[in-house]
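Number 987 in the working numbering belongs to position 107 of the sequence shown; there are no gaps in the numbering.
Let me begin by presenting the structure, written as structure tokens, before commenting on it.
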Amino acid sequence: MKIGLFDSGIGGTTILKTAKQAFPHEEYFYIADSKNCPYGEKSDLELQKIVSKNVDELQNWGAEIIIIACNTATTRCISYLRNKYPKIQFIGTEPAIKLATESNSQNILVMATPGTIDSERTKTLLKENQKPGQNIQLLPCPHLADTIEYNYNDHNFAPIIDTLKTIFSEVQTTPDTIVLGCTHYSLIKNQIQSFFQHAKLIDGNQGVIHQLGKLIKNSQKH
Ligand code: DGL
């Protein structure tokens, strides 16, 4: 099958890599839309234009399944995209709040872009999954994704660490679980872990791969 993915840059490459390992016989197309990075600080209207352009391009290449390899674009635009392109099968990437709350975690820190943190979808995920006694802090991380986008490939970690220091000054209690609610953050797991050595770090990537497996299997039945 032809599978398209897009993100505001390199964040979604972790999903691409895992998908290729899990399903090596499929054909993949990836849009690293770094000229529009960061998505997480844009309005819904701006985002809708940007994501439509990416989907049009992937559709032109023949993509039958499109993975939105970006939490921001998923939480803010997936319903819009499903309405606009009913023939395409979309898979979204969401902050793994459900997974985090299913564990015994007491203090969960959700890191995501301001756009994801403010989204209705994140509020719903919280409302549906938070257990009694569980403390969940939603932590907006302004400009972390773009700092990663512009420095990661050069191994220039100092600006990334500086941005993390500022962001983490808002953390209220020591987290036992950290949800990486932006695909860019999966690239800097080691740097995040160095601030909270005992925390378990989780992202939404496995959920995406699971969903992709189901769609591939389904298509083989027809
Ligand atoms: N990697 C993206 C996400 O998962 C987008 C980050 C951004 O461009 O702000 O949210």
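We put the CB at the ideal spot given by N, CA and C, even for glycine.
Small disclaimer: the values here were computed from a predicted structure and weren't measured.
Contact between Q928 and Y960 holds, since their C-beta atoms are separated by about 6 Å, short of 8 Å. In the DSSP assignment, I911 falls within the beta strand (DSSP E) that extends over E907 to A912. Between C917 and A1038, the C-beta gap is not smaller than 8 Å, which leaves the two residues out of contact. Here the region 1033-1047 makes no contact with the region 976-986; the two share fewer than three CB pairs at distances below 8 Å. Taken in chain order, the unbroken stretches of beta strand (DSSP E) that lie wholly in the region 982-1014 and span 3 residues or more are 987-992.
Here the alpha carbons of A953 and S999 stand approximately 10 Å from one another. About 11 Å separates the CB atoms of T1063 and T996; that is not less than 8 Å, and the two are not in contact. K1011 is the residue among K1007, K1011 and I958 whose C-alpha sits nearest the C-alpha of E982.
With a cut-off of 8 Å on Cβ pairs, the region 881-895 is in contact with the region 936-949, counting three or more such pairs.
Within the same chain, Cβ atoms closer than 8 Å to the Cβ of T1002 are found at T955, P975, I977, V990, A992, T996, L1018 and G1061, the five residues on either side in sequence being excluded.
Nearest in C-alpha terms to Y1032, of all of I1058, K1069, S1099 and Q1086, is K1069.
Here the C-alpha atom of P904 lies approximately 37 Å from the C-alpha atom of K1007. For N934, the number of other beta carbons within 10 angstroms of its own is at least 16, and it is reported as buried. Taken through DSSP and simplified to helix, strand or coil, D936 comes out as helix. Shown here for Q1091: same chain residues with a beta carbon closer than 8 Å to its own, the five before and five after excluded, namely I971 in chain order. When I895, D887 and F886 are compared, the shortest CA-CA separation from Q1086 is found for I895. For I945, the uninterrupted beta strand (DSSP E) segment begins and ends at I945 to I948. Put simply, the residues with a CB less than 6 Å from any heavy atom of ligand 1 are D887, S888, G891, C917, P918, Y919, G920, C950, N951, T952, T993, T996, A1025, C1062, T1063 and H1064, in chain order. I1089 is positioned such that its CB atom lies no closer than 8 Å to that of A912. By the neighbour-count definition (other C-beta atoms within 10 Å, threshold 16), E907 is an exposed residue. When only Cα atoms are considered, F1076 and P1055 end up about 7 Å apart. A Cβ-Cβ contact shorter than 8 Å links G1013 with Q986.
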